[in-house]
Every structure is written in C-alpha cells, then in structure tokens.
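Participant: Have a look at the structure that comes next, please.
Residue numbers (the working numbering), protein chains in the order written: chain A, 1 to 133; chain B, 1 to 133.
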C-alpha cells in the first residue's frame, strides 16, 4: 500500500521525470486527453493557468494550443494519492482537445466485437493546423 | 501530428509494454484513479468486464478489488487517438476507488499557495484492508 507522497506532485517518482496528466473538461466532466508533464511544464502551468505539457515526440515543452489556438485554461490542478499523476480541470478553448478535431481524444470504443468510432470532428484539422500533418 | 494507431490499444508503443488507464465513474464523471495495463490485463478486462491492471510495484496483475472487495465493473473501454492511453468508464463497487478510503485518488489540490486536501475518506482503510499497510 502506498504511503503519502513526499512531494505533490513528486517528479522524482518517474525515471524519465515525466508524470501523466489527465485533462478533464471542468464543466462537462468529459475526459479530453492524457499528456505528460515534467517539473518545468508543471511550474509554468501553475504560474500561468494555461496547460503546458512535455511532448515526448518533440522532446520539448508543448504549450497546448500553440499551433491550433485551442488553449486549455486550467481551473484546478489535482494530484493523486501517490503523487505521481496529475488531473487538470480545464476550460478547453475552441471546444476540441484532439488534433483530429474531436472534443476528446478518447473516441475509439473497444468491445469484444471490435473497435467502434464514437464521435466525429467538430472542426477540420486541416484548416486549423494548415499544412502541418 | 500523430497518425491513426496501428492497433487499438497498441501496447507496442510503450517500451515496458504498459499503457496508462484512467478509471472514470460512468455515472458521476468523477475521475477515480490512473493505473497501468499490459496486454494480458487488458485482455482479461475486456473478457470479464472487471478492471484488471498491472501493478508496477508488485510486478503482477492487479485485479482491482481483490483485497478490498471494491471491484470496478467496466461499462465502456475507450482508447485515445494515438492508441496509447485507455479510459475505462466504470461502476465502482463500495463507492471508493482509493486505498485511503476516498472516492477518488485525486484529492490533493495544488495551488500557487500550496497543497490542500479536497476530500475525506468514506471508509476506514484499516478496517477494509485489515493489517495490510
């Protein structure tokens, strides 16, 4: 059974210095996405009130919305009992968190019979992101 | 920008074969916890309809509720756009997902002024788990 964390959040609990951060729509309760934070992105998020993640693919800070304009205004930051996961309650500007133009990144439903797509884009990502693919 | 995942979920995207899995109360929308799944725990979850995780500390399958009786009945399994994160919509038996006796593991609120505890236990974990600490 886990003890109370030494720090909240405790980035030393992760070998790569990254902790998962869940973004949830503060009003609807919809889980929008999961990304990762390092200590620097967390500090900037706390200071600015806008979600800043660490992009594992780009290996740099990722200010959510920097390309799309779909910033996340952070209303509450919660950390779990172990100190190793973050939950951000946010207001998602533009209404869609997913790069596919969907409200939420969680749109594949898995059942014993296969995979079903549960939602459609609310904007055209080609238009929003331009030629970037 | 990410492409559509090759498999949903795609456990090969993780170097250790583990993907984060968010458990959300299907009715209230409360985010209860985050744990990890490997392919085996995912397959058992899909087949049985009860959440099975992989415990990184115990290095074995963790059938949530095996000690406390607080099983999670899985109503829906969703996977994100990249295929590397799971979202389980569950009915949490016993009402509390956290080993501290709280409904949710996310009870530390972090603000620029410090950390605040946002909820209290709904059961006594000493009684529920016995002498196990």
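Even glycine gets a Cβ: it sits at the ideal position worked out from N, Cα and C.
According to DSSP, is residue 46/A helix, strand or coil?
Facilitator: Here residue 46/A refers to the residue found at position 46 of the first chain. Residue state, collapsed to three classes: helix.
Participant: Look at the alpha carbon of residue 88/B and the alpha carbon of residue 121/B, and state the distance between them as a whole number of angstroms.
Facilitator: Here residue 88/B corresponds to residue number 88 of the second chain, with the count starting at 1. Here residue 121/B corresponds to residue number 121 of the second chain, with the count starting at 1. Using only the alpha carbons, I get a separation of about 23 Å.
Participant: By the three-class DSSP mapping on this structure, what secondary structure does residue 21/B have?
Facilitator: Within the second chain, residue 21/B is the residue found at index 21, counting from 1. Residue state, collapsed to three classes: strand.
Participant: Could you tell me the boundaries of the beta strand (DSSP E) in which residue 73/B lies?
Facilitator: As a working mapping, residue 73/B is identified with position 73 in the second chain. Per DSSP, residue 73/B belongs to the beta strand (DSSP E) from 72 to 80.
Participant: Please state if the CB of residue 20/A and the CB of residue 79/A are separated by a distance shorter than 8 Å.
Facilitator: Within the first chain, residue 79/A is the residue found at index 79, counting from 1. Within the first chain, residue 20/A is the residue found at index 20, counting from 1. No, these two residues do not count as a Cβ contact at 8 Å.
Participant: CB-CB under 6 Å to residue 84/B, same chain, minus the five flanking residues each way: which ones, in chain order?
Facilitator: Here the question's residue 84/B lines up with position 84 in the second chain. For residue 84/B, where only same-chain residues beyond five positions count, the Cβ hits under 6 Å are 13 and 19.
Participant: Give me whichever residues DSSP pairs with residue 35/B in a beta bridge.
Facilitator: What you label residue 35/B is simply residue 35 of the second chain in a count that begins at 1. 21/B, per the DSSP bridge assignment.
Participant: Say whether chain A places a C-beta atom closer than 8 Å to the C-beta of residue 27/B.
Facilitator: Here the question's residue 27/B lines up with position 27 in the second chain. No, residue 27/B lies away from the interface with chain A (no Cβ there is under 8 Å from its Cβ).
Participant: Under a three-way DSSP split, which group does residue 12/A fall into?
Facilitator: As a working note, residue 12/A is residue 12 in the first chain. Three-state result, residue 12/A: helix.
Participant: Take the Cβ of residue 77/B as the centre, count every other Cβ of all protein chains shown within 10 Å, and call the residue buried at 16 or more, exposed below.
Facilitator: The count along the second chain starts at 1 and reaches residue 77/B at position 77. By the 10 Å Cβ count, residue 77/B comes out buried.
Participant: Can you find the residues in the same chain that come closer than 6 Å, C-beta to C-beta, to residue 63/A, ignoring five residues on each side of it along the sequence?
Facilitator: Sequence index remark: in the first chain, residue 63/A carries index 63 (1-based). Cβ neighbours of residue 63/A beyond the five flanking positions: 52.
Participant: Taking residue 90/A as the query, report the chain B residues whose CB atoms sit under 8 Å from its CB, ordered along the chain.
Facilitator: The residue given as residue 90/A occupies position 90 in the first chain. By Cβ distance, chain B contributes nothing, its closest Cβ being about 12 Å from residue 90/A, past 8 Å.
Participant: May I ask which residues mark the beginning and end of the beta strand (DSSP E) holding residue 55/B?
Facilitator: As a working mapping, residue 55/B is identified with position 55 in the second chain. It spans 52 to 55 - the beta strand (DSSP E) in which residue 55/B sits, taken as one unbroken run.
Participant: According to DSSP, residue 89/B sits in a beta bridge with which residue or residues?
Facilitator: As a first step, residue 89/B is located in the second chain; it is residue number 89 there, counting from the start. Beta-bridge pairing links residue 89/B to 24/B and 76/B.
Participant: According to DSSP, simplified to helix, strand and coil, what is residue 60/A?
Facilitator: Locating residue 60/A in the first chain gives position 60, counting from the first residue. If DSSP states are grouped into helix, strand and coil, residue 60/A belongs with the strands.
Participant: I'd like the list of long-range same chain contacts for residue 55/B, defined as Cβ closer than 7 Å, with 5 residues on each side in sequence excluded.
Facilitator: Translated into the one-based positions of the second chain, residue 55/B becomes position 55. Within the same chain, residue 55/B has close Cβ partners 62.
Participant: State the beta-bridge partners of residue 117/A as determined by DSSP.
Facilitator: For the purposes of this step, residue 117/A is taken as the residue at position 117 of the first chain. DSSP, once it has assigned bridges, lists 108/A as partnering residue 117/A.
Participant: Can you check which of these residues, 113/A, 111/A and 125/A, is closest to residue 95/A by C-alpha distance?
Facilitator: Working through the first chain from its first residue, we reach residue 95/A at position 95. Measuring from the Cα of residue 95/A, the nearest candidate turns out to be 125/A.
Participant: Within 8 Å of any Cβ in chain A, is that where the Cβ of residue 126/B sits?
Facilitator: In the second chain, counting from the first residue as 1, residue 126/B sits at position 126. No, its Cβ sits nowhere closer than 8 Å to a Cβ of chain A.
Participant: For residue 80/B, return the contacting residues in chain A, with the cut-off set at a CB-CB distance below 9 Å.
Facilitator: Within the second chain, numbered from 1, the residue matching residue 80/B stands at position 80. Per Cβ cutoff of 9 Å: 33, 34, 98, 104, 105, 106, 107 and 108.
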